[in-house]
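In my numbering, the protein residues as written are 318 to 383.
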């Protein structure tokens, strides 16, 4: 009886550890995806800003001097 209880509690511990691991891996994947998307948006915004603000490139629509 005691051995069975110990095995059950061991299973519960393993289950809880496994769920913690899956939560951590999901969080890290979410963080990486978020970082990649933020970097992509920043890059696109920067490229668009440079294309529009450069005097010769893109016609200088936003910040043309004069």
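Beta carbons: idealized from backbone N, C-alpha and C, even for Gly.
Model, not experiment: these values are computed from the prediction.
Rounded to the nearest angstrom, the gap between the Cα atoms of residue 322 and residue 342 is 30 Å. Around residue 330, the same chain offers no residue with a beta carbon nearer than 7 Å, after the five sequence neighbours per side are excluded. Residue 319 and residue 326 have their alpha carbons spaced roughly 11 Å apart.
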